[in-house]
Each structure stands twice: as C-alpha cells, then as structure tokens.
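Numbering (the working numbering), first residue to last: 1 to 223.
For reference, the structure discussed in these notes is given below.
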Amino acid sequence: MLYHLKQVFSPEDLRELREIANRTQWADGRKTAGVVAAAHKRNTEAEWDSPEGKLASKITVKALQRHPQFFNAALPASMTPPMMNRYAAGMEYGDHCDAAIMGGGTAIRADLSGTVFVSDAADYDGGELVTDLVPGGHATKLPAGDLILYPSNTVHHVTPVTRGERIAMIFWVQSMVRDADQRAMLYTLGATLNNLDAKLAQTPELTQLYACYYNLVRMWAEI
1 MLYHLKQVFS
11 PEDLRELREI
21 ANRTQWADGR
31 KTAGVVAAAH
41 KRNTEAEWDS
51 PEGKLASKIT
61 VKALQRHPQF
71 FNAALPASMT
81 PPMMNRYAAG
91 MEYGDHCDAA
101 IMGGGTAIRA
111 DLSGTVFVSD
121 AADYDGGELV
131 TDLVPGGHAT
141 KLPAGDLILY
151 PSNTVHHVTP
161 VTRGERIAMI
171 FWVQSMVRDA
181 DQRAMLYTLG
191 ATLNNLDAKL
201 AQTPELTQLY
211 ACYYNLVRMW
221 AEI
C-alpha cells in the first residue's frame, strides 16, 4: 500500500531545508548503495554526519513526529536518520529493491521507505518515483512538503531528471506491525475512527471500536 501524507513539511521547514541544500557539499550517492544497486544509482547526497546532514535530519524527524497521520501509517518501532538527496539534470536511479537491513550504528529491518519532497514539482522535469505495486508501475511526483511511504520490498526507480533539481529527504522505517496487510488494515481502521470521533464521541459504540483497534495492535505489534 502507498501512503500519501500531505504537508509534512511546513513552509518554514521547506525554507530552511532549501537553504541547507544550497550550502551542502554533495557526495556521490553510490557510497551508500549496495554492490548491486550502486551500478544503477546516479545521484548525490548530503553526508550523514555533516552539520548540514544532521540539521536536515533533525528538521525531518520533528516534522514526522508532529504530523497527525504518520504514526498511524507507519506504526514506527525505529527509523533511520533521514538523509537529503539530490537529482540534477541527467541523474536517475534505476530499478532496485531497498536492502532488508538499514542503518549505520543501529541496524533496523526496512519495512517502509519514505520520500519527503523538498523541491517544488514545477521546478524540475522527470524525477518520478516509480514503484511496481501496480502493473506498469505507479509514478509519484508530489508537491513540496508531501511524503510518499511505500513498502521497502518493492522494486522501484527514479526516472531521469531532465531539467532543474529534485531534492528530497529519504528514510526507512521498521514498523511495530511487520505484515503490510495488517498495517494497512490498522491504518484504515484508525483513520475511520478519527473521522467518527466528532459524530460518536463518548458513546459506547465508539469505545468498543477503539477497543477492537487497540487489541488488534496489541495482537500484531512486535516491540
């Protein structure tokens, strides 16, 4: 399942992240790819441990933590530090599948991959994220500040950028609920309960529905 979460970054976040991108010393993206994926990867990235990389990561984590839908969609147990990447004209990332285990100091199982767009979609051509979740592929190019979450076990690619620059923050999540179908069911149920709050607040029926939701999480979560 694909999750499109809108306005993860505030206008202030985007302004600060773009300023960071302007002063970043970009590194070859192949440094962080596995042996197989490196042959298909042509982009640049902010170094994980650089001052710019750390600040961009901190801004992204705070934005994810305050977004009302991120926890319900990901049910995160742990997450890699978000990293800023950049595709200039001529850059792309061919078909690949993300590694099962991610992270530097603390390894995590990659259940979900996330891309939060920093560049405005009108500022570059190409650069679509294409996943194999549907026949023929599903292409995603979102407004600045929006997040796409998708299963890490999918084959995906980033199409060549032909104009401008595509800058985004990427990260990986180990979910408390490992099974993607269970996670999708919980997300739908949680979103439905939130919508019912205004109509059925403090009713026995809503209490029972919340009990079912919490008990499903209790049954499926691995923490």
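All residues carry an ideal CB built from backbone N, CA and C; glycine is no exception.
Owing to the predicted nature of the structure, the values given are computational and were not obtained by experimental measurement.
Rounded to whole angstroms, PRO204 and TYR187 show a C-alpha spacing of 22 Å. THR115 and TYR3 have their C-alpha atoms some 11 Å from each other. DSSP, reduced to helix, strand and coil, places ASN85 within a strand of the structure shown.
Going by beta carbons, ASN72 and ASN43 fall outside the 7 Å limit. Under the three-pair Cβ rule at 8 Å, the region 87-94 does not count as touching the region 56-69.
Nearest Cα to ASN22 within the set GLY145, LEU112, ARG166, HIS138: ARG166.
ARG42 is bridged by DSSP to GLU92. Judged by DSSP in its simplified three-state form, PHE9 adopts coil rather than helix or strand.
The beta carbons of ALA110 and SER152 sit closer together than 7 Å. The region 127-177 contains no complete alpha helix (DSSP H) run of 4 or more residues.
ASP98 and LYS199 have their alpha carbons spaced roughly 42 Å apart. Your pair ASP146 and PHE117 checks out as a contact, with CB atoms roughly 6 Å apart and the cut at 8 Å. Contact between the region 73-81 and the region 172-191 is present: three or more C-beta pairs spanning the two stretches fall below 8 Å. Cα atoms of VAL130 and ALA122: separation of roughly 18 Å, rounded to the nearest angstrom.
Contact annotation, LEU193 with TYR213: C-beta distance approximately 6 Å; criterion of less than 8 Å satisfied. Looking only at LEU17, ARG163, PRO81, the smallest Cα-Cα distance to ILE108 is reached by PRO81.
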